[in-house]
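Position one of the sequence shown corresponds to residue 26 (this note's numbering), numbered consecutively onward.
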Amino acid sequence: MQEALAELVRFYEQLTPETVVQVGMLYAPGARFKDPFNEVEGVAAIEHIFHHMFRQVERPRFVVDSSLLDGAQAMLCWRFLFSSGGRNIEVRGASHVVFDADGRVRLHRDYWDTGEELYAKFPLIGPLVRWLTRRLSATRETG
């Protein structure tokens, strides 16, 4: 599975609109993918998510900072960098990936905080998200 993980990391770090078609080589036909915005099944649906990403943001790219493999499961810690409205944005997250017996991804679940990592960085809703975060934080209590 180490080689399957290395191929997956390479795919994400070199992802372009032209390489999205490689999803079918790395993901099983019935693979499931879930992130904070999507929950889909199948290669075509996963490819659609990536094509949508390239249409919605400028210069998207992934940097995988670390990965851990345990049998057929892996965890990846990554950064997603992109531009939107002239602003450079970085989102930090993690992915839980489960490989099948052939070394293809059968389950991919992304974990990241949409409030902290995305919404708080946008001018219109950012101040409200940051205010709510401060308001709900136990570390901000004063007695």
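Using N, Cα and C, we set each Cβ at its ideal position, and we do this for glycine too.
These figures come from a predicted structure and were not determined experimentally.
{"Query": "For Asn-113 and Met-50, the rounded distance between their alpha carbons", "Result": "31 Å"}
{"Query": "Residues sharing a beta bridge with Tyr-37, DSSP", "Result": "DSSP output for Tyr-37 lists no bridge partner at all."}
{"Query": "Length of the line joining the Cα atoms of Glu-66 and Gly-55", "Result": "6 Å"}
{"Query": "Distance, Gly-118 Cα to Asp-138 Cα", "Result": "8 Å"}
{"Query": "Residue range of the alpha helix (DSSP H) that includes Gln-81", "Result": "68 to 81"}
{"Query": "Beta-carbon gap between Val-45 and Phe-87 smaller than 7 Å", "Result": "no"}
{"Query": "Cα-Cα separation between Val-82 and Phe-62, rounded to whole angstroms", "Result": "15 Å"}
{"Query": "Span of the beta strand (DSSP E) around Gly-49", "Result": "Here Gly-49 belongs to no beta strand (DSSP E); instead the alpha helix (DSSP H) covers 48 to 51."}
{"Query": "DSSP-derived helix/strand/coil call for Glu-64", "Result": "strand"}
{"Query": "Assigned secondary structure, Ala-97 (DSSP; H/G/I helix, E/B strand, else coil)", "Result": "coil"}
{"Query": "Rounded separation between Leu-106 and Phe-124 - CA only", "Result": "26 Å"}
{"Query": "Buried/exposed call for Asp-135, threshold 16 Cβ in 10 Å", "Result": "buried"}
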